[in-house]
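In what follows, a structure is listed as structure tokens, so that the remarks can point back to it.
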Amino acid sequence: MELKFCLFISALLFSIGFVGAVTRKNAILVLIGIELMLNAANINFIVFWKYAAPHDAGGLMFPLFSIAVAAAEAAVGLALIIAAYRHFKTTDISQMNRLKG
Amino acid sequence: MDFWSFIVLGVISFVLLTSASAAMSLSNLIHCALCLVLSFVCIACIYLWLGVEFLGFVQVLVYVGAVSILVVFTILLTRRGFEGEIIDFSGTVLLGPVLILPVLLTLWWAVGSLPTPPDHIKTPVAHVAQIGIELGGNESGGGHYILPMLGVGILLTAALIGGASMASSKRRKEEKWN
Amino acid sequence: MNLLTDRLDLEKLPLLLQQLVLDVFSRLFHFLPESLLAYEPAVKSLVSIFLVIVPIIGVFCTLFAVVVMMERKGLGRMQNRLGPNRVGPFGMLQPAADGIKMLIKEDIVPANADHLVHFLAPCLLVLGSLISFSVIPFGKNLLPIDLECGLVFYFAGGAASELSIFMAGWSSHNKYSLLGAMRALAQLLSYEIPLILSTVPVVMLASSLEPSRIVAHQAGYTAWIIPHWFVCTPWGAIGFLLFFIASLAETNRSPFDLPEAESELIAGHLTEYSGFKYALFFMAEYLAMISISAIGITLFLGGWHAPCKFFEFIPSYFWFGGKLLFLLWMFIWIRATVPRLRIDQLMAFAWKFMIPLGLVNILVAAFWYKSLSWNFEGHDFLRWGIAVAVLGGCYCALARLLNEKSTASSKRTYRYAE
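Protein chains in written order, with the numbering used here: chain W, -9 to 91; chain V, 27 to 204; chain S, 5 to 422.
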């Protein structure tokens, strides 16, 4: 029963992150949505590891690596946003629609 | 499962979902970032509730201690005016819920039709020593994740150097183009 | 544990006191009506939690007052003046006077400030500083919570409290506060890496993240007078040096107190705070100082162990307290002696000196661990020789590189008035 409840929660968190990433105009909010989706996937891993496959250490290792890689990805993504802001003078992704540079 | 334990999980999940929705829908960017921090802390509390303390503390250390600060720095470095701007939603506001609704419904159906795990699976205690042995190896085996760890190390170094060089000001290059 | 018949063992005193309080509480509980008796185990665990929280808050807030007093008198004497000497005998009640002043001061919040965030920032900072006390072993039987990953918990608490500095700077709605907060945050993030890098060799050699096991690993003496603390090894000495310097920077203490110095951007991120909120920031900084000294003692200085075999009769918590006061005095001494670093000097020091030295330290510690299994004649000298040579050479090389850059770029050009 706990398994299903936690999986529902992570599914809802994933959908909240997705809706935010797709609907908001600001590039930083898109990144925030992506972080929420990554975290929802991590919760899924841990919940399945704990309740269905505790003998497999991969269920614990994958989220650990996922956290590290997500941090790297957030760093690079935010650096990209700063570089793009310097060029387009805005973080509005609907105005970043020209390839002139 | 214990009734009070379930209440605790319910409260944590409620705060998590509320702060995640707030993070995605508020108009002031800094408030969004602070709600994101609250969401990360709630996720760490869920990890603690599930018994993986190491992962919970790593979540706070990495996400709250580093990613949130990066997000906040970026918000500060990319502001136009001093006041928080009114951030509108994009023109295709309905695209998001329309796309995610089938995914969500499928997930709910899939989760709902999961068989109950057999009772004999004992809920494990995730000893930190076991994590260490899995990662690095022991005289008696383990160490299956040495290559991924090296790979993550190289990736993080590359991300650090790349991010720093991308975000630094490149006035000279722009002058050359002009 | 019968109080009257057992020989009074000072080490077991905290356990005895805890048992006493819980006994008294159980007896009082039985006076309540029958229907509430079912809740006894739950309320008993709540009482034992309070038995952990209340002494920590009581002791460390008192220690905060003592440290403030020590600092003002000590700084005064080192600057050839008396410290505060009006309130109470020798000025001992000065912290009380300061506390009352802070409490009755008007709490001014700027009109355009974000009131919720402005209110939450000092609270979260104090929360982060206080919560990290719960994994430190203060004595043989005085470990509040025995977490398996206690060290990660400590650094997670420290990392979480960094965000409140940004919250303080941003919510004040003041350009200079924001700049000060960003500089403070950059400093904190830069020095967090050497802080954690310097603790990696300790975890490697003790094979555990538990503070109690790290302390237990430092037990024992060579020839009854040389303790087996980690600071008595080459990598431990450099590690402790790195940890101490990084902890000076993490707590915004001189020479790294650019974010909060009075002559820099007014008070940096604390400009718009007055009254009790400012007192909370002040308290959080000193509590962070105390807790980072405490974890430094646990990791490098042998925790609650005595320095010689002869002194083991003195209870463990006295040794811990003594080491803690010594480290806090070092913090104060360095504040009085060393001038402030500029922000670029600070950053260069962190990234170009401390991080490479930390990485070399990890390598040397790994070599030390491997060489523990050597058995041939004179293996001790060889180990020490190689470790000291590598670390010393690296230290000198890095220091020379750092020095060259700064002196090379500051070629003075003089412009005289015509």
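Using N, Cα and C, we set each Cβ at its ideal position, and we do this for glycine too.
Fair warning: this is a prediction, and the values are worked out from it, not measured in the lab.
Item, Value
"Residue closest to L131 of chain V, alpha-carbon to alpha-carbon, out of W:L(-7), W:M(-9), W:G23, W:L(-3)", "W:L(-3)"
"G162 of chain S versus F357 of chain S: straight-line alpha-carbon distance, rounded", "23 Å"
"Burial state of D13 of chain S, where buried means 16 or more other Cβ atoms lie within 10 Å", "exposed"
"Contacting residues, own chain, Cβ-Cβ under 8 Å from A184 of chain V (five flanking each side not counted)", "none"
"Extent of the continuous alpha helix (DSSP H) to which K(-6) of chain W belongs", "-8 to 13"
"One or two residues paired with D102 of chain S in a DSSP bridge", "BP columns for D102 of chain S are empty, so no partner."
"Own chain partners of L19 of chain W with C-beta closer than 7 Å, once the 5 adjacent residues on each side are dropped", "G10"
"Interface residues of the region 122 to 153 of chain S facing chain V [CB-CB below 8 Å]", "L151, E152, C153"
"T226 of chain S versus I61 of chain S: straight-line alpha-carbon distance, rounded", "37 Å"
"Identity of the residue in W:K15, W:I6, W:L2, W:L(-7) nearest S84 of chain W by Cα", "W:K15"
"P53 of chain W versus V368 of chain S - alpha carbon distance", "31 Å"
"Partner residues on chain S for E79 of chain V, Cβ-Cβ distance less than 9 Å", "L151, E152, C153, V156, F157"
"Local conformation of I169 of chain S per DSSP, three classes", "helix"
"Residues bridged to D82 of chain W (per DSSP)", "W:N16"
"Opposing strand residues paired with T226 of chain S [DSSP bridges]", "S:I230"
"Neighbourhood of W323 of chain S by C-beta, 6 Å cutoff - its chain only, sequence neighbours within 5 removed", "W308, A310"
"Contact with chain W by V34 of chain V, beta-carbon distance below 8 Å", "no"
"Residue of S:S136, S:E110, S:Q83 minimising C-alpha distance to S278 of chain S", "S:E110"
"Contacting residues, own chain, Cβ-Cβ under 6 Å from N34 of chain W (five flanking each side not counted)", "S0"
"8 Å Cβ cutoff met for G132 of chain S and A164 of chain S", "yes"
"C-beta neighbour in chain W for R198 of chain V, strict 8 Å", "Only weak support exists for where R198 of chain V lies, its pLDDT of 47 falling under 50; the value from the coordinates is given anyway. R198 of chain V does not count as touching chain W."
"Selected residue, minimal CA-CA separation from A370 of chain S, among S:F29, S:F353, S:L395", "S:L395"
"For G167 of chain V, the three-state DSSP class (helix, strand or coil)", "strand"
"Cβ of V41 of chain V within 8 Å of any chain S Cβ", "no"
"Minimum Cβ-Cβ distance from L64 of chain V to chain W less than 8 Å", "no"
"The region 347 to 365 of chain S contacting the region 190 to 206 of chain S, beta-carbon criterion three pairs below 8 Å", "yes"
"Members of the region 9 to 33 of chain W that neighbour chain V once the beta carbon cut-off is set at 9 Å", "V9, G10, A11, V12, T13, R14, K15, N16, A17, I18, L19, L21, I22, G23, E25, L26, N29, A30, N32, I33"
"Where P319 of chain S sits in the DSSP three-state scheme", "coil"
"F78 of chain W at chain V interface by Cβ criterion, 8 Å", "no"
"Endpoints, the alpha helix (DSSP H) within which G300 of chain S is located", "280 to 303"
"Nearest-angstrom beta carbon gap, L62 of chain V and A70 of chain V [assumed within contact, 8 Å]", "So it is not a contact: roughly 13 Å between Cβ atoms."
"Start and end residues, alpha helix (DSSP H) containing E160 of chain V", "154 to 162"
"Residue interval of the alpha helix (DSSP H) (run including Q349 of chain S)", "347 to 352"
"Amino acids of chain V, ordered along the chain, whose beta-carbon sits closer than 9 Å to that of M51 of chain W", "I157, E160, L161, H170, Y171, P174"
"CB contact flag (T100 of chain V, L3 of chain W, <8 Å)", "no"
"Enclosing alpha helix (DSSP H) for Q22 of chain S [first to last residue]", "17 to 33"
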